[in-house]
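Below you'll find the structure, written out as C-alpha cells, and then a few comments.
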Amino acid sequence: MISATAAAIPNAPPEVPLLDVRDLTVEFSTRRGTVQAVKHVDVTVGKGETVAIVGESGSGKSVTSYAVMRILDRAGRIANGTITFGGVDVGKADERNMRDLRGREISMIFQNPRAALNPIRKVGHQIEDVLRQHAQAGSDDAKAKAIAILEQVRIARPEERYHAFPFELSGGMCQRVVIALALACRPQLLIADEPTTGLDVTTQKTVMDLVVELTRERGMSTILITHDLGLAAAYCDRVVVMEKGRVVETANSHAIFSAPNHPYTRKLVRATPRLGVTLTDLLPEDDAVSRSALRKASAINGAAHQGAGESPLLVVDNLIKEYPRKDVNGGSFAGLFKRNGAAAPDTPPPVFRAVDGISFSVRRGESVGLVGESGCGKSTTSTMVMRLIDKTDGQILFDGEDIGAIPARQFARLPLRKRIQMVFQDPTESLNPRFTAARAIADPILRMGDEKGTKAVRARCEELATQVGLPLDLLDRFPHQLSGGQKARVGIARAIALKPELVILDEPTAALDVSVQAVVLNLLQDLKEQLGMSYLFVSHDLNVVRLLCDRVIVMQAGRIVEEGPTEQVLGAPAAAYTRELLSAIPHPPL
Amino acid sequence: MSDTTAAPSAPTHGMGAILRHAQYVIRENKVTGFAFGLFVIILLAALFGPHIVPYDPLASNTSAALQAPSARHWFGTDQLGRDVFSRVVVATRLDFAIAIFSVVLVFLMGGLAGVAAGFFGGWTDRIVSRIADTIMAFPLFVLAMGIVAALGNTVENIVLATAIVNFPLYARIARAEANVRREAGFVQAARLSGNGEMRILLGHILPNIMPIMVVQMSLTMGYAILNAAGLSFIGLGVRPPTPEWGIMVAEGAAFMVSGEWWIAFFPGLGLMMAVFCFNLLGDGLRDIIDPQRRT
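Here is the structure:
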C-alpha cells in the first residue's frame, strides 16, 4: 500500500484496510456445470485509496465487485474466501445489514447512466429517495439537501435541474446525477464500474476529474473497474490487473506502464494505443516482428495503388443534412391533418442542422479519419456518404459521379453499391442473429457478387475468412457462438466481399477489448494495403485515428474545424477544439 | 448448410443440434416435457383417431343409451347410445384442424401485415394499426359470432372468424418486434449488401421475430380451439351429429342436472387438456427455437 494519496490524507495510513478481499472464489452454476468466474482473488483497498481493477471482458473484474456488494445474480455464489469491509464480514452478513451497507457505506456507479436512473422520475426526487431510504434527510429538508448534492457534482443551475427527467439531460450530465446518487449518503467506498464507457473523451475527463476530486475531498476510497489501462493508470494509485478470473499483477500505477511484470500486463500495455507507437507495436512481441517485415514488403504495393489515383475517389462538397426540429407545442391533432391538406406553412419549419456544409475529399488508397464527439455529425456524414440516408443539400461525388443525387432507397440495387461498403460499430448488433457466419459473409455475394452457385459462394466465403483470419470451422457458427473479435472479422469479411473501393469504418473497434482492437486494426491496415481500398475512419478515439489514418478531419457541431495530415493535426493542432480533445485523453504517468 | 464436413463429434448446427437441444429443454423442464407428451397424444388422436376408436362415433344404439362409464364404454354413452370415448377422440381431428388452420391464417394475415407495418412505417403502419384497432373495438367473441352468422355456418368460416378475431394480437406483436429491428445494424448491413426492402423484410427481419410468433401461435392455438368449441356450443359452426367438443358439451349440459355428468365432462376435459397443452407448449417452444438460448 505505497500510495501517494494515502499519505496526503491526514488520518491515513490505517493499519487495517477498509476493504479486504481474501482468496475470493465466485462460482456460477450453468448448464455445463459450475464455472469459476473469479478464482482466489486478493484485493485490498485502504482508506482514501483509489484502486483500479483492470481486465478485458470475461476477466471477472465486475463479478469481483458484485461479490463485494453481494449483488451476484441467482446463479452465482461466493464459494470461498472472505470479504471484510470496515471490520464486518460481508460474506456472512444477513440481507438486512447488507441493505444498510449498500448505498450508505458502499455505493456503486454503473456503466450506463441512463439505465441506472428511473426514466419517469425527476432526478431531484430520485436523490431524495436515497436520502430518505438511509434516514439522511426528512421530508422538510430533503429538497434542499438534494439541490446541494446536485451542486456538489457541478451541475449548473441545480434548482432547475432538480425538476429534470433523465431523458432531458445529456449522457455526461446523467452520469453526474448517478454520481450524486452514489455519494448522497457519504459512503466510505465507491465502486465505479466502467463509469465513462460510452462517454466522449472530454466528458470522460470531467466525470473522472469530478470523481477523483470528490472522493479526495471526503477521504473516500474508490474502486475503478475499467478495461482502459490508460484511464486506470492516470486516475488511480494502484492497479490490479485481472485475467480469466485471477489477479495476475498488482502494481503502483507509475510502475505499471514503465515496468509491467506479468506477461499479460505487458501484452495489455503494448496493446493500449498511445503516443509514439505504430500499429505493429500494439501486437505481442513475437507477432510484431514478422508483421512489420511483411508490412514493409507490401508497403511498396500500397504506394503503387496510391499513385494510380490522381482524381480523388470521393469528393464531398458543401454537404448539408437537416432534421425537422420536434415542435414542442405543436398539437398532434394539427399534425394529423397537415400532411395531406393544402395548407402549406408560410414560415419554413424549424430545422436542426446535423451536418452544416462540410467539404472534404478522399483519395484512392488513402485513410481519412473523421473525428469528433457524439452529436458532431460524423455518423450522419458517413451514413450519407454510405447512401443509407438522403442529404438535404450539397454534393457527394464518387469517382466523378454524383451519388448524392440518387435516392437512398434505390441505391441498394445499383452496381455502385458494390464499390462503397461499411464496417459497423457494434459487431454483435450488425450481424443477423439467425444467420451463420458463412451466411452473413455470403449475403452481399449472393445479392451482387459474380460468384454463382452454392459451391462458388462457399469457396469465396472461405477465401474471405482466410483473408480476415477467421478459422474456417467457425463459419457455420451463429453470432452468439463467436467472440467479439471473431464477430468483428465476420463484419470485415462481409464488407470486403465485393471488393469495394471505399470502406467506411464506423468505430469498428469501439466495442472490442484492447488486445482484440490491436489485432483488428492491424488486420484493417493489411487489408487496405493488399486490396488498395480507401478508408473513411469514423472515430472519437484520437489514439486509434493516429495509428490508422493518413489525414484527419475534426468535426464539431456539424462543421469541420480542422483538417490536415495526421501528424500535423494531432501533433500541432491549430484549432482550440482539437487541443481540447487531445488534452482530454487520459495520459498515464510515465 | 449443405456442407457436412464439420466435426462429427459436436455439430453446432443442423437438425441434430436442434433435437439435442429439444431433449435438453424437455429434460430440464418437466412441465415442458409434460406438455410435449400431451401434444404427441393429441397429434396421434388427430391423425389416427377414427381408425383406433372402438366404436363408430356416429352409430347410435338406443338400447345402450345413457350408460355410465364402464369397461365397455370408458367414457359412457350419450342419449343416443353413442360411445363418448370414441366421439371425444374422433373430435380431436376437427378441433385440431380448425385451430391449426386459423392460426396459420392469422399468422399470414396479422403477422405479415404487422411486420410490414413495423418495418415500413408511414401509411402501411397507419392502415394496419387502424384495422387492428377497429377489430379490437368489438367484444371478440361477439365479433366471431357475427362473422360466422353473416358468412354462413361452415367450418371454413369458423377458421376465418377465429383468424380475424386474433388479427390485432399478431399484428401488434409483429409490428413492435419489427419496429425495434428496423434500424438495427444487421438491417443496415443487409442494405449495403444490396438487399431490396422486401427481401430485408422477409429474409432478415421475419426470421428474427419467428420465435416470438411461434410462441404466440402456440398460445393462440388454445384460444382457437376454445373459440371454435364456443361457437359450436351456441349452435354456430359445426352441426350435430359431427363429433366436436363444443357441441358435445352443449348436448351433454342438459343431462348434467339429471346426473349423467359424463356426456359433458369428458369432451370438456379433452378441450381443457388441449388448451392447457398449447399454453404450456408456448414457453417450451421459445426455449427450443431461440438460438440465443442454444449455447
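So the sequence lines, in the order shown, correspond to chains S and F.
Residue numbering for the first sequence follows this note's numbering, beginning at 1 and increasing consecutively.
Residue numbering for the second sequence follows this note's numbering, beginning at 1001 and increasing consecutively.
Note that the Cβ used here is the ideal one computed from N, Cα and C, for glycine as well.
Since this is a predicted model, take the numbers as computed values, not measurements.
- Residue contact check for residue 433(S) against chain F: a CB pair falls below 9 angstroms.
- Within chain S, no C-beta atom comes nearer than 7 angstroms to that of residue 1021(F); the closest sits roughly 10 angstroms away.
- Here residue 275(S) is actually not in contact with residue 518(S); their C-beta atoms are around 16 angstroms apart, not less than 8 angstroms.
- By the neighbour-count criterion, in which a residue is buried when 16 or more other Cβ atoms sit within 10 angstroms of its Cβ, residue 1133(F) is exposed.
- Interface with chain F (9 angstroms Cβ-Cβ cutoff): residue 173(S) is excluded.
- Under DSSP, residue 562(S) shares a beta bridge with 554(S).
- Taking a C-beta cut-off of 9 angstroms against chain S, the contacting residues of the segment 1183-1199 of chain F are 1184, 1185, 1186, 1187, 1188, 1189, 1190, 1191, 1192, 1193, 1194, 1195, 1196, 1197, 1199, listed in chain order.
- Among the residues of the segment 1198-1217 of chain F, those with a Cβ less than 7 angstroms away from any Cβ of chain S are 1204, 1207, 1208, in the order of the chain.
- The segment 1153-1173 of chain F makes contact with the segment 1096-1111 of chain F: 3 or more CB pairs, one atom from each, lie closer than 8 angstroms.
- Nearest neighbour of residue 536(S) by Cα position, chosen from 235(S), 399(S), 421(S), turns out to be 421(S).
- Residue 24(S) has 41(S) as its beta-bridge partners, per DSSP.
- Only those residues of the segment 563-579 of chain S whose C-beta falls short of 8 angstroms from the nearest C-beta of chain F would be listed, and there are none.
- Taking CB atoms only, residue 244(S) has no neighbour in chain F less than 9 angstroms away.
- Beyond the five residues adjoining it in sequence on each side, residue 474(S) comes within less than 7 angstroms, by CB distance, of 437, 482, 486 in the same chain, given in chain order.
- For residue 421(S), the nearest beta carbon of chain F is closer than 9 angstroms to its own beta carbon.
- For secondary structure counted as the beta strand (DSSP E) over 3 or more consecutive residues, the segment 147-213 of chain S holds these complete runs in sequence order: 189-193.
- With distances taken between CA atoms, residue 181(S) lies nearest to 136(S) out of 317(S), 136(S), 168(S).
- It is roughly 39 angstroms from the alpha-carbon of residue 317(S) to the alpha-carbon of residue 1206(F).
- In the structure shown, residue 398(S) falls within a strand segment according to DSSP collapsed to helix, strand and coil.
- Of the other Cβ atoms in all chains shown, 16 or more fall within 10 Å of the Cβ of residue 447(S); this residue is therefore buried.
- Within chain F, the C-beta atoms nearer than 8 angstroms to that of residue 429(S) come from 1184, 1185, 1186, in chain order.
- Here the alpha carbons of residue 39(S) and residue 22(S) stand approximately 11 angstroms from one another.
- In the three-state reduction of the DSSP assignment, residue 352(S) falls in the strand class, which pools E and B.
- In the structure shown, residue 567(S) falls within a helical segment according to DSSP collapsed to helix, strand and coil.
- Within the model, the alpha-carbon separation for residue 249(S) versus residue 553(S) is close to 39 angstroms.
- Here residue 71(S) is exposed, its C-beta having fewer than 16 other C-beta atoms within 10 Å.
- The beta carbon of residue 246(S) sits closer than 6 angstroms to the beta carbons of 39 from its chain, once the five residues preceding and following it are set aside; these are given in chain order.
- Residue 214(S) places its beta carbon 9 angstroms or farther from that of residue 256(S).
- In the DSSP assignment, residue 536(S) falls within the unbroken beta strand (DSSP E) covering 534-539.
- The C-beta distance from residue 506(S) to residue 556(S) rounds to 18 angstroms, too long to fall under 8 angstroms, and the pair is not in contact.
- Taking 9 angstroms as the CB threshold, residue 121(S) stays off the interface with chain F.
- For residue 417(S), the closest Cβ of chain F is nearer than 9 angstroms.
- For residue 152(S) against residue 103(S), the beta-carbon gap comes to about 17 angstroms, at or over 8 angstroms, which does not count as contact.
- Between residue 1249(F) and residue 1267(F), the C-beta gap is smaller than 9 angstroms, which places the two residues in contact.
- For residue 424(S), the neighbours in chain F by C-beta distance under 8 angstroms run, in chain order, 1185, 1188, 1189.
- Scanning its chain for C-beta atoms nearer than 7 angstroms, with the 5 sequence neighbours on each side dropped, one finds around residue 1212(F) the residues 1173, 1177, in chain order.
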